[in-house]
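See below for the structure under consideration.
Number of protein chains: 2
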Amino acid sequence: MKTQDLTRNQSLVFSALNDAKTPLTAYAILDELRGEGFRAPLQVYRALEKLVERGLVHRLESVNSFIACAHEGASCCKHGLTGFAICTACGNTMEFHHHGVEHQLEALLGEKGFKPEKTVVEIRGLCANCA
Amino acid sequence: MKTQDLTRNQSLVFSALNDAKTPLTAYAILDELRGEGFRAPLQVYRALEKLVERGLVHRLESVNSFIACAHEGASCCKHGLTGFAICTACGNTMEFHHHGVEHQLEALLGEKGFKPEKTVVEIRGLCANCA
DNA sequence: ACAACAAACGTAATAACATTACATAGAGGT
DNA sequence: ACCTCTATGTAATGTTATTACGTTTGTTGT
Ligand SMILES: [Zn+2]
Ligand SMILES: [Zn+2]
Ligand SMILES: [Zn+2]
Ligand SMILES: [Zn+2]
Chain A
1 MKTQDLTRNQ
11 SLVFSALNDA
21 KTPLTAYAIL
31 DELRGEGFRA
41 PLQVYRALEK
51 LVERGLVHRL
61 ESVNSFIACA
71 HEGASCCKHG
81 LTGFAICTAC
91 GNTMEFHHHG
101 VEHQLEALLG
111 EKGFKPEKTV
121 VEIRGLCANC
131 A
Chain B
1001 MKTQDLTRNQ
1011 SLVFSALNDA
1021 KTPLTAYAIL
1031 DELRGEGFRA
1041 PLQVYRALEK
1051 LVERGLVHRL
1061 ESVNSFIACA
1071 HEGASCCKHG
1081 LTGFAICTAC
1091 GNTMEFHHHG
1101 VEHQLEALLG
1111 EKGFKPEKTV
1121 VEIRGLCANC
1131 A
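Protein sequence lines correspond, in order, to chains A and B. In this text, residue positions in the first sequence follow the working numbering: the first is 1, and each later residue adds one. In this text, residue positions in the second sequence follow the working numbering: the first is 1001, and each later residue adds one.
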């Protein structure tokens, strides 16, 4: 469950995401890792799948990109709904957690009998530096 | 600003979405409208762009699909953040508006100096019928 | 009616994102 | 040695979205 037992491909993809200051698309990761021997999209997608399963990486659905978890993996997502504020100018992305929003959405959906499995909260806009 | 002054293509796309009980992808709409003379994706995407601009249609970013607004267009989005609960089993999608969530997100992001432009709240899960 | 302009449209090609299919390699248990 | 599970390599394909270019249509001002 620790970053140590990642495979080579997983480790390379995870490093690429950690080095990046912004979210990366799968194909951007592929290009970064051609020097390490990557040749095909599937090498990236397979690694991403495992990393997302472990909570080390998050997928940003509204921008078809991936970003390393800002909260040290295992402890993430245990403290309220996970959301992202994505700057459309510089790409800087802030991961946040919020109990209040989580509870309000739970209350609203509970009333309707809806059982949430995956909640996407992504806000695009301008960060403090770019505003 | 009313549905009357839609062009033929816009009107056909809007009808397809209104008839559907679930979100549709652009290519699904294209297939529906081949009988009406549609031949290319761009015919759909251009119509969708205008319909989204007018608030008659919403784009569901987490499922690459589009859905007719449940709240009569113009009045939508004036009453709190717009969110969607999408059933992954039957496709049924509930559009909702929520002031509390909107205010909490505004407060959180305001603190950080982030200026929101587009907020995506999409919850995938099971609706009351499918749970 | 006519020119000028803007919006919408038709078509083809291409780009960007993601998955399926199938063969191979290595680790661990029996 | 044999089986099984996981990861990998490679190619092909499927899905979603945009760019480019030329034409048509509708509106406005003269
Ligand atoms: Zn996280
Ligand atoms: Zn920024
Ligand atoms: Zn709406
Ligand atoms: Zn359902």
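C-beta atoms are modelled at their ideal positions from N, C-alpha and C, and glycine is treated no differently.
Please name the residues in the stretch 1114-1131 of chain B whose beta-carbon is closer than 9 Å to at least one beta-carbon of chain A, in chain order.
Under the 9 Å Cβ criterion, the stretch 1114-1131 of chain B contributes 1114, 1115, 1116, 1117, 1118, 1119, 1120, 1121, 1122, 1123, 1124, 1125, 1126, 1127, 1128, 1129, 1130 and 1131.
Whose CA, out of 40/A, 51/A and 42/A, lies closest to the CA of residue 15/A?
Residue 51/A holds the alpha-carbon nearest to the alpha-carbon of residue 15/A among 40/A, 51/A and 42/A.
Taking all protein chains shown into account, decide if residue 58/A is buried (16 or more other Cβ within 10 angstroms of its Cβ) or exposed.
Counting other Cβ atoms within 10 Å of its Cβ, residue 58/A reaches 16 or more and is therefore classed as buried.
7 Å is my cut-off, CB to CB: does residue 1061/B come that close to chain A?
So, interface residue.
Mapping DSSP to helix, strand and coil, what is residue 1046/B?
Helix at residue 1046/B.
Of the choices 1048/B, 1118/B and 1043/B, whose alpha-carbon is the least far from that of residue 1066/B?
Taking only the C-alpha atoms, the option nearest residue 1066/B is 1048/B.
Could you list which residues in chain B have their beta carbon closer than 8 Å to that of residue 105/A, in chain order?
Residues of chain B passing the Cβ test: 1083, 1098, 1101, 1121 and 1123.
Residues of its chain near residue 1090/B, where Cβ-Cβ distance is below 8 Å and the 5 sequence neighbours each way are ignored:
The residues are 1022, 1127, 1129 and 1130.
Sub-7 Å separation of residue 1085/B and residue 1094/B beta-carbons
Yes, the pair counts as a contact, with Cβ atoms nearer than the cut-off.
Using beta carbons (cut-off 7 Å, strictly below), is residue 48/A in contact with chain B?
In terms of beta-carbon proximity, residue 48/A stays away from the interface with chain B, with every pair separated by 7 Å or more.
Tell me, to the nearest whole angstrom, how far the beta carbon of residue 98/A is from that of residue 81/A; I am working on the premise that it is less than 8 Å.
Correct: roughly 6 Å between the Cβ atoms.
Whole beta strand (DSSP E) elements within the stretch 1019-1104 of chain B, 3-residue minimum
Fully contained in the stretch 1019-1104 of chain B are the following beta strand (DSSP E) runs of length 3 or more, in chain order: 1057-1060, 1065-1068, 1081-1087 and 1093-1098.
Local conformation of residue 110/A per DSSP, three classes:
Three-state DSSP puts residue 110/A in a helix.
Smallest Cα separation from residue 6/A: which of 54/A, 28/A and 26/A?
Nearest to residue 6/A by C-alpha distance, out of 54/A, 28/A and 26/A, is 54/A.
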